[in-house]
Amino acid sequence: MMINSADSTLSGALAEATERALVEAELRLPPDVLAVLRRAAATERNEIARQEFTNILENVELARERRVPICQDTGVPVVYITLPPDVPFSASLFTGVREGVHRATAAIPLRPNVVDPLTRENTGDNTGVGVPVVHVAPGDRFTVTVLPKGAGSENVSRIGMLLPSQAAEVPKFVVETVLLAGGRPCPPVILGVGIGGTFDAAAALAKEALLLPVDAMDRYEQEICDTVNALGIGPMGLGGDTTALAVKVKRADCHTASLPVAVNVQCWACRRATVEVRW
Ligand code: SF4
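Below, the structure is given as structure tokens:
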């Protein structure tokens, strides 16, 4: 394959930006996530839950100070690129992101989490067939956003194809997902909810919802969050007022005969970072 110099520059710039974004995401929680954790810690009434918040916040602080990952499960890399009109859409985008993940895995270092789904053979550098997962969308600026996704919370995520007549049942589906998950996703959780689209689009919306700021919710999101918190699962599943820190919803229109709903569960370690790509 011929690679022209513009392509290799683009690929190199994206590799550098992806590596920087992963360093930032793995070592430091975003300010909005830290703010909701601190807010919940200040209002939590359960003594064991308060201790769990102390442990979580100390963990976050130590990771920042010692420049080590916030959690031993450093996730699988999910990457979102925004592309302004003057940046060409080409294979270089994907090779650049892949190289950035490869470098970050060695430099930070990250746990090599990516395996063949059936043989379970580890690729060794967090890249593989279909990994990193890369989404590209048009935008005003050339940016790369990383969302390293841990398995504990990903594994309890759920999708449902509700009946069109069940719009009022959507909150129940979300709450039921958290109830079924219990303490497994390392609560307190953040819930990304995708409503509408198709089977696959709803799941993509749910994950994109995790990129939204979590320090503000609309009324619909707040009501679901309050119902989830009434479950009393609490931090790390040990009981308490705080099972969810936030619920974020993204919607798309759908077929008149469909109502897809996806819930992407995210643990408190909601790691994400955005870096502007310069080339
Ligand atoms: S669910 Fe989150 S906090 Fe728990 S082990 Fe996985 S990445 Fe870490």
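All letters in the sequence shown, in the order written, are residues 958 to 1236 by the working numbering.
Even for Gly, the Cβ is constructed at its ideal location relative to N, Cα and C.
Check: 8 angstroms Cβ cutoff met for residue 975 and residue 1053; Outcome: yes
Check: Residue interval of the beta strand (DSSP E) (run including residue 1231); Outcome: 1230 to 1233
Check: Reference residue 1049; option with closest CA among 1229, 1213 and 966; Outcome: 966
Check: Chain-ordered residues, beta carbon under 5 angstroms from a heavy atom of the ligand SF4; Outcome: 1028, 1030, 1107, 1109, 1110, 1143, 1224 and 1226
Check: Span separating the alpha-carbon of residue 1083 from that of residue 1099; Outcome: 24 angstroms
Check: Residue nearest to residue 1162 in terms of C-alpha spacing, selected from 1172, 1149, 1182 and 1171; Outcome: 1149
Check: First through last residue of the alpha helix (DSSP H) which encompasses residue 1059; Outcome: 1048 to 1064
Check: For residue 1118, the residue or residues it bridges with in DSSP; Outcome: 1217
Check: Sub-8 angstroms separation of residue 1144 and residue 1192 beta-carbons; Outcome: yes
Check: One or two residues paired with residue 1092 in a DSSP bridge; Outcome: 1037
Check: Per-residue DSSP class, three states only, for residue 1202; Outcome: strand
Check: Cβ shell of residue 1138 (< 7 angstroms), same chain only, five flanking positions each side left out; Outcome: 1113 and 1222
Check: Outcome for residue 1216 when other beta-carbon atoms lying within 10 angstroms are tallied against a minimum of 16; Outcome: buried
Check: Coil, strand or helix - residue 1223 by DSSP; Outcome: strand
Check: Whole runs of the alpha helix (DSSP H) within the region 1162 to 1200, excluding any shorter than 4 residues; Outcome: 1176 to 1186
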